[in-house]
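There are 2 protein chains.
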Amino acid sequence: MPANSRFAIAVHILTLMARAGDESMKSDEVACSVNTNPVVIRRILCALSKAGLVVSQTGASGGSRLALKPSRITLLEVYRAVDAGDVFALHPQPPNAKCPVGMNIEGALDRILNEVEQGVERVLEKITIEKVLKSIEPRAAKARAARSENRNSGKKEREL
Amino acid sequence: MPANSRFAIAVHILTLMARAGDESMKSDEVACSVNTNPVVIRRILCALSKAGLVVSQTGASGGSRLALKPSRITLLEVYRAVDAGDVFALHPQPPNAKCPVGMNIEGALDRILNEVEQGVERVLEKITIEKVLKSIEPRAAKARAARSENRNSGKKEREL
DNA sequence: TCCATTTGTAACTATAATTGTTACTAATAC
DNA sequence: GTATTAGTAACAATTATAGTTACAAATGGA
Chain U
21 MPANSRFAIA
31 VHILTLMARA
41 GDESMKSDEV
51 ACSVNTNPVV
61 IRRILCALSK
71 AGLVVSQTGA
81 SGGSRLALKP
91 SRITLLEVYR
101 AVDAGDVFAL
111 HPQPPNAKCP
121 VGMNIEGALD
131 RILNEVEQGV
141 ERVLEKITIE
151 KVLKSIEPRA
161 AKARAARSEN
171 RNSGKKEREL
Chain Z
21 MPANSRFAIA
31 VHILTLMARA
41 GDESMKSDEV
51 ACSVNTNPVV
61 IRRILCALSK
71 AGLVVSQTGA
81 SGGSRLALKP
91 SRITLLEVYR
101 AVDAGDVFAL
111 HPQPPNAKCP
121 VGMNIEGALD
131 RILNEVEQGV
141 ERVLEKITIE
151 KVLKSIEPRA
161 AKARAARSEN
171 RNSGKKEREL
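So the protein lines, in turn, are chains U and Z. Quick note on numbering: the first sequence equals residues 21 to 180 in this note's numbering. Quick note on numbering: the second sequence equals residues 21 to 180 in this note's numbering.
Rendered as structure tokens:
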């Protein structure tokens, strides 16, 4: 199943919560939108909570909500909060230290990996959760309009 | 074992061949430096060959060598040649289409993934195999000097 | 005070990708 | 013709992920 989707799900979660505003959401509700098990959501929420991006409360009428305004949460913080994994892996086994290339290639690759990660981070730090929510809203509005068209023509659909 | 190391190994292979110049290398020799099985090397060489980065020859005294000068091979071409995988994965299961966020989040994440990949590519296109080899040489030379020190003081080590 | 609800977390399963390995075919040089 | 080498298929071992069940701890309300 490799190449993990925790970052994608984390962005989904935070976008839902940005939309919910002050109201807190339960892991069950979030799981319904993400289409997975609530425990999967809670595991990711736990990481986001440790990073200070959400606050959660146990007990009856508990749940989670954003700890910061959506405009203050960048995708870089999200990427760092969940362990998204490296862009590429180094050698599975250490290369041959008796070879002039084998001896030094890991260091070179490590420096390249750092540069690549910086490239990723430069992109992610420019995108906020607010921006993601806004990029979604017009499409959702369009879909709502289309649905009311359908309703007029007799079709039915449930929505959240 | 997930998060694949094919890109790292491909860079290692090409750096070895850059150093070998016109002489072709056998998958066995490369495997010795990478510290893995020759079939693993041949699989990656096959991808590099399809991308036109190396040429291979079967048969006695066969082997592989670079198809282009080291200064003409960028790491971006290498990254594209081997299937290095995406920086992050989208949802394992499609999100709930009845939810305004679930309905549109995949498209938003896909656009973000494209931007991130472009960030990665901007970094990789600036690094050539020649550059990697040069970043390794001074260290290798230093190590050679240290080894001859050792030899003078009576110690022994094999090298390639 | 007790009960229902919810998070946090451990433990386990199923799935899938990667790497390593053996074995074989086809091509090539000597 | 024989030895050598790449190309490739098939399979095993390892590992991470995602999903699931189960339960303790916290919380709010009756």
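Ideal Cβ placement from N, Cα and C applies to all residues, glycine included.
For the segment 77-158 of chain Z, the full-length alpha helix (DSSP H) segments reaching 4 residues or more read 95-101, 120-144 along the chain. Under the Cβ distance rule, threonine 35 of chain Z counts among the residues neighbouring chain U, one pair being separated by less than 8 Å. Taking 9 Å as the cut-off between beta carbons, the residues of the segment 75-97 of chain Z near chain U are Leu95, in sequence order. By the C-beta criterion, the segment 58-66 of chain Z is judged not to be in contact with the segment 151-164 of chain U, since fewer than 3 inter-stretch pairs fall below 8 Å. Under the 8 Å Cβ criterion, the segment 130-147 of chain Z does not count as touching the segment 73-89 of chain U, having fewer than three qualifying pairs. Beta-bridge partners assigned by DSSP to valine 74 of chain U: U:Leu86. Classified as buried, serine 25 of chain U has 16 or more neighbouring CB atoms from the shown chains inside 10 Å of its CB. Across the structure, aspartate 103 of chain Z and alanine 38 of chain Z are spaced so that their CA atoms are roughly 22 Å apart. With contacts defined by Cβ atoms closer than 8 Å, leucine 36 of chain Z and valine 121 of chain U form a contacting pair. Closer than 7 Å at the C-beta level to chain Z, one finds these residues of the segment 153-165 of chain U: Ser155, Ile156, Arg159, Ala160, Ala163.
Between the C-alpha atoms of alanine 71 of chain U and arginine 100 of chain U there is a straight-line separation of about 8 Å. The distance from the Cβ of alanine 23 of chain U to that of glycine 127 of chain Z is about 19 Å, inconsistent with a contact at the 8 Å cut-off. Counting along the chain, aspartate 48 of chain U sits inside the alpha helix (DSSP H) bounded by residues 47-54. At a cut-off of 8 Å between beta carbons, serine 168 of chain Z makes no contact with chain U.
Excluding the 5 residues flanking it on each side, alanine 30 of chain U has same chain C-beta neighbours closer than 8 Å at Ile64, Ala67, Leu68, Val98, Ala101, Val102, in chain order. Rounded to the nearest whole angstrom, the CA to CA distance from glutamine 138 of chain Z to arginine 62 of chain Z is 29 Å. For the pair asparagine 57 of chain U and proline 114 of chain Z, the CB atoms are not nearer than the 8 Å cut-off. Taking the beta carbon of arginine 142 of chain Z as reference, the chain U residues within 7 Å of it are Gly139, listed in sequence order. Rounded to the nearest angstrom, the Cβ distance from alanine 109 of chain U to alanine 51 of chain Z is 18 Å, too far for a contact under 8 Å.
At a cut-off of 8 Å between beta-carbon atoms, methionine 45 of chain Z makes no contact with chain U. Contact annotation: valine 140 of chain Z and valine 140 of chain U have beta-carbon atoms nearer than 8 Å.
For alanine 23 of chain U, no alpha helix (DSSP H) segment is defined, and its DSSP state is neither H nor E. Excluding sequence positions up to five before and after valine 75 of chain Z, its CB lies within less than 6 Å of the CB of Ala87, all in the same chain and listed in chain order.
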